[in-house]
Structure formats: C-alpha cells, structure tokens
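Position 60 of the sequence shown, counted from 1, bears residue number 879 in my numbering, the numbering being contiguous throughout.
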Amino acid sequence: RQAAAAAREQRRALAELNSQLTEIRGSAVGMAGAFAGAFASGHLISLADEWSSVNARLKQASQSSDEFSSSQKVLMDISQRTGTAFSDNAALFARSAASMREYGYSAGDVLKVTEAISTGLKISGASTAEAGSVITQFSQALAQGVLRGEEFNSVNESGDRIVRALAAGMGVARKDLKAMADDGKLTADKVVPALISQLGILRDEYAAMPETVSSSITKVENAFMAWVGGANEASGVTKTLSGMLNGVAGQIDNVATAVGALVAVGVARYFG
C-alpha cells in the first residue's frame, strides 16, 4: 500500500510539474511573440529614425566629434543604469548644453545634471509622460537661466526627489523653495551645482531600489535602438527605403489617375 501511495504521489507531482512547464512554455512563447511584434520591420524603421534624429540633435549640441562620441556613450550608460529612455536623456542634454555653456558649465556638468534629473525622476516614480514634461520644463528653465513658474511647478509635482535634492544641495528647507522660485532666486548658477552635489546620494538611493520590469524593457529598447541605429548608419538601409517611399509618393498622383481610369473602364463595361 505504501508503495502504491508513493507511486501515485510521484505521478501527481510529475503531472503538476508538467502543467507548470506547459504554462512557462506558453508564457515564453507569448513573450517571444510580443518582442517579435515590437521589433517588426515597421518598428525597426522607427527606431532607426529615432536614433538618427536624437543623435543629430546631440551633434548640434556638441562642440566636437570627440565630445559628441563621449556624450553619446555617457548618456547611454546613464540610461542603462537608471532604466530610462536614451531619447529623453539625450533630449535634456541637447536642450540644456548651449544655455549651460553660457553660464560657464562644461559638457561633463551637463551630463551630471542630466543624470541627476533622470535618476530623481525614477526615484520619484514619475510616469513616462510626467518625466517627459519635467525634462522639457527643466531644460526651458536652464535656457532662461532661472527655475520658476510653470517650470518649477512641473518639477515640484512630478519630481519630488529632485526638489528634495535641490533643497539639500542649496542648504534650505524644501518648503522654502516655492517662495524662492516665485522670487526668481532659483537661478542656474545655484540650481546646477546644488543638483550635482547630490548626484552621489541619488545614485546610491536608486541602486538600493528593486529592478522593475518596465525599466528592464526600457533598457532592451535602448540597446536595440542603438544596435539598429548603428547598423543603419553602416548600411543605410532606411535611407534606401526612404528613397523608395519618396519615389512612390512622387508618383502617387499618376497611380491614382491610372486606377481611376481603370475603374471607369470597368464600370462602363459592367453597365454597358
């Protein structure tokens, strides 16, 4: 009896294990299908275009080819370390570089501020839309040389950790920042060094947080975009495709006219 019971228990365990393996296989297949859809040809073209567009702005914001290459690498490192979109981080750098240089800051300083903002947004739990809004508003503030009004409100609402870092770096209470913003006292020469001084703390704080699925997916997207973009730069695949599509677009009127004529002939024959 004991042997029979043991045999039944083994069969039950094997059946349960087989069921679990089937579920895992189904999940894996489903995930593979999702990635296949995400990286279909249309998406690949979109990624290549995005890579080209982002890097064109980076080149415009860089003072040399060496600075461009170095900034591109550091921005990708920041993006992969924080699980944030390379495009967003590159956009913040590109929008802020010129104005920060006017205040005497280097490309390295711009990269540090970019990382502080990106890391602070992740710690704050900002959504993709919120992060994009903060990046836009903050870069506008740097261009104006002062963080106030709508720009401050955006950071204050979606980037709580950034505001706390700013307060700590300036040695003031968080509650006092709103009044300082209203009075125009949050100038670039105070905001930039304050955020840079808190970068190490922000890095340590983020490193202690658990990895999320969304961050991991963003890292995959970043890496894949860089790979697709690099391959496109080497082979010019999308340039060739764009030329073909432009050719089709240029002939679309002729195509439409020809189709219309064929339809007219068909209708005449049908009713004739």
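Don't be surprised by glycine CBs; every beta carbon is placed ideally from N, CA and C.
Backbone secondary structure at residue i - three-state DSSP
| i | result |
| --- | --- |
| residue 991 | coil |
| residue 1031 | coil |
| residue 986 | helix |
| residue 891 | helix |
| residue 925 | coil |
| residue 882 | coil |
| residue 951 | helix |
| residue 959 | helix |
| residue 978 | coil |
Residues bridged to residue i (per DSSP)
| i | result |
| --- | --- |
| residue 901 | Its beta-bridge partners do not exist; DSSP assigns none. |
| residue 965 | 1006 |
CA-to-CA distance, residue j to residue i, given in whole angstroms
| i | j | result |
| --- | --- | --- |
| residue 940 | residue 876 | 23 Å |
| residue 951 | residue 874 | 18 Å |
| residue 1047 | residue 973 | 34 Å |
| residue 887 | residue 1008 | 24 Å |
| residue 1011 | residue 911 | 14 Å |
| residue 811 | residue 864 | With the chain covering only 820 through 1091, there is no way to say anything about residue 811. |
| residue 1028 | residue 945 | 15 Å |
| residue 847 | residue 918 | Bear in mind that the predicted position of residue 847 carries a pLDDT of just 48, short of 50, making it unreliable; the figure below should be weighed with that in mind. Using only the alpha carbons, I get a separation of about 48 Å. |
| residue 999 | residue 975 | 13 Å |
| residue 1040 | residue 879 | 24 Å |
| residue 959 | residue 1032 | 31 Å |
| residue 980 | residue 866 | 31 Å |
| residue 969 | residue 934 | 22 Å |
| residue 1035 | residue 985 | 28 Å |
| residue 1038 | residue 947 | 14 Å |
| residue 1022 | residue 987 | 15 Å |
| residue 1019 | residue 1026 | 11 Å |
| residue 913 | residue 963 | 15 Å |
| residue 909 | residue 891 | 8 Å |
| residue 885 | residue 994 | 42 Å |
| residue 899 | residue 1017 | 20 Å |
| residue 1003 | residue 882 | 30 Å |
| residue 897 | residue 920 | 21 Å |
| residue 905 | residue 923 | 25 Å |
Nearest-angstrom Cβ-Cβ length linking residue i and residue j, presumed shorter than 8 Å
| i | j | result |
| --- | --- | --- |
| residue 982 | residue 996 | 6 Å |
| residue 1045 | residue 870 | 7 Å |
| residue 893 | residue 915 | Going by Cβ atoms, the distance from residue 893 to residue 915 rounds to 14 Å, so no, they are not a contact pair. |
| residue 937 | residue 903 | 5 Å |
| residue 1015 | residue 928 | 7 Å |
| residue 942 | residue 1024 | 6 Å |
| residue 949 | residue 977 | 4 Å |
| residue 971 | residue 1005 | 7 Å |
Element boundaries [alpha helix (DSSP H), containing residue i]
| i | result |
| --- | --- |
| residue 1000 | 996 to 1001 |
| residue 945 | It is not in any alpha helix (DSSP H) - residue 945 carries neither H nor E in the DSSP assignment. |
Interface flag, residue i vs chain B, CB-CB below 8 Å
| i | result |
| --- | --- |
| residue 965 | Reference to chain B is not applicable here, since this structure consists of a single protein chain. |
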